[in-house]
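Down below is the structure, laid out as structure tokens.
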Amino acid sequence: MADIMIGTTNLTKQYNGKTVVNNVNLEIERGAIVGLVGQNGAGKTTLIRMLTGLVKPTSGSFSLLNGAVRRDNDVAAIVERPSIYTNLSAMDNLIAQCQLLGIAADKQYLAKTLALVGLEDAPKKPAKNFSLGMKQRLAIAMTLVGRPQLLLLDEPTNGLDPQGIFGMREVFVNLNRELGVTILVSSHILSELGKFATEFYIMDKGKILERVTAEQLREVASKRVRLKVDDVNKTTEALKQYGKTTVTDNDVDLYADVPVTQIMLTLAQAGVNVLSVQQAADELEEYYINLIKRERQAKIDLNNGGTKQ
């Protein structure tokens with residue numbers, strides 16, 4: 006039986022009659038690094054705030070650690086701006102956090118924690134002199150002093166430069182690999198999430214549109230051919246014999262392991278003029294954009310169809 010670290014059932018939150026999280030169902034297993042993907046306003050922060058107990062759901066339910074949270078420290082989170090003691094060093098921040106939680110300060114473990122977040126060589130200067138990236142990593146280290154099993158992070162790379170984002174990515178991988186921490190991290194910087202997460206929930210306007218694993222993304226990428234054509238209808242009809250197709254504007258994506266020469270011959274016989282062809286890696290960002298476009302176009306088509314009836 007799967008060890009479900011986060012499970013939600015129709016989790017919903019409304020503010021003044023407006024639904025910001027809409028019937029969300031998650032099932033996240035132990036050991037995963039899960040990216041919660043969506044643009045600002047998609048409902049990611051509200052969802053994480055419900056999971057941390059900061060916001061009460063309007064309806065639905067959720068369970069953490071298979072309903073077996075045994076300690077207050079089993080679940081840790083950073084939501085919005087992290088809190089650190091700017092006049093203390095990195096180690097002293099961790100010791101202070103231990104005191105706040107009422108646990109013994111195991112300096113050997115704390116030193117390992119600083120190493121895991123890349124602060125083992127941080128000078129013994131006050132944290133107020135740290136870079137933003139160092140402060141973010143220190144905040145994560147502070148959440149780890151209680152040895153949590155589950156870590157919830159809301160937009161932890163906000164405001165970081167490329168080097169800082171790279172450093173945070175290394176932190177997540179280290180925590181997962183070395184300590185076995187299950188991580189749910191929300192972000193709108195999709196190019197970075199795609200480099201370390203093991204699975205993704207794509208969210209838009211309060212709803213989860215799709216759950217996709219990193220492995221599935223790689224499989225899609227290896228089999229996708231993108232064609233820019235002068236007639237999308239003829240193209241989809243001609244290519245349906247090979248597999249699934251999707252349409253975005255004048256682009257047709259074919260998801261099939263078919264030689265490009267065979268595709269071109271088929272379209273030539275169908276009288277389709279191919280303007281360009283590309284076999285490209287379908288990274289998370291592109292996958293997300295195409296999914297959102299298809300969802301919104303489907304709603305437009307449905308509304309138009311309803312009007313005609």
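Under the numbering used here, the letters of the sequence shown match residues 6 to 314, in that order.
C-beta: ideal position from N, C-alpha, C; glycine also.
When Ile108, Ile9 and Phe171 are compared, the shortest CA-CA separation from glutamate 197 is found for Phe171. Exposure of valine 265 is indicated by the presence of fewer than 16 other C-beta atoms within 10 angstroms of its C-beta. A straight line joining the alpha-carbon of histidine 193 with that of aspartate 111 spans about 36 Å. In this structure, asparagine 78 and glycine 151 form a Cβ contact; the two beta carbons are roughly 3 Å apart against a cut-off of 8 Å. Separation of leucine 16 and arginine 54 (C-alpha to C-alpha, rounded to the nearest whole angstrom) is 12 Å. Per DSSP, the beta bridge partners of lysine 212 are Asp209. Distance check between arginine 299 and each of Leu270, Leu280, Asn308 and Thr253 places Thr253 closest, using alpha-carbon atoms only. For glutamine 44, the closest C-alpha among the options Val257, Lys210 and Gln246 is that of Lys210. Per DSSP, the unbroken alpha helix (DSSP H) holding leucine 115 starts and ends at 112-121.
Collapsing the DSSP output to three states places phenylalanine 177 in a helix. Taking valine 178 as the centre and dropping the five residues before and after it, the same chain places the C-beta of Ile38 and Phe201 closer than 8 Å to its C-beta, in chain order. An exposed status is given to serine 64, since fewer than 16 other beta-carbon atoms sit within 10 Å of its beta-carbon.
Secondary structure note for leucine 143: its alpha helix (DSSP H) is the uninterrupted segment 137-148. Within the same chain, Asp209 come within 7 Å of isoleucine 297 by CB-CB distance, once the 5 residues on both sides are set aside. If you draw a straight line from the Cα of asparagine 181 to the Cα of leucine 232, it is about 39 Å long. In the DSSP assignment, threonine 271 falls outside any beta strand (DSSP E) and within the unbroken alpha helix (DSSP H) covering 265-274. Here arginine 229 is buried: its Cβ has 16 or more other Cβ atoms, across all protein chains shown, within 10 Å. Around the beta carbon of arginine 223, fewer than 16 other beta carbons lie within 10 angstroms, which makes this residue exposed. Here asparagine 308 is exposed: its Cβ has fewer than 16 other Cβ atoms, across all protein chains shown, within 10 Å.
Between threonine 162 and the set Leu184, Leu137 and Leu149, the nearest pair of CA atoms involves Leu137.
Around the Cβ of proline 128, a 10 Å sphere holds fewer than 16 other Cβ atoms; the residue is exposed. For serine 196, there is no enclosing beta strand (DSSP E); the enclosing alpha helix (DSSP H) has its first and last residue at 195-198. With respect to the 8 Å criterion, threonine 187 and leucine 155 are classified as neighbours on the basis of their beta carbons.
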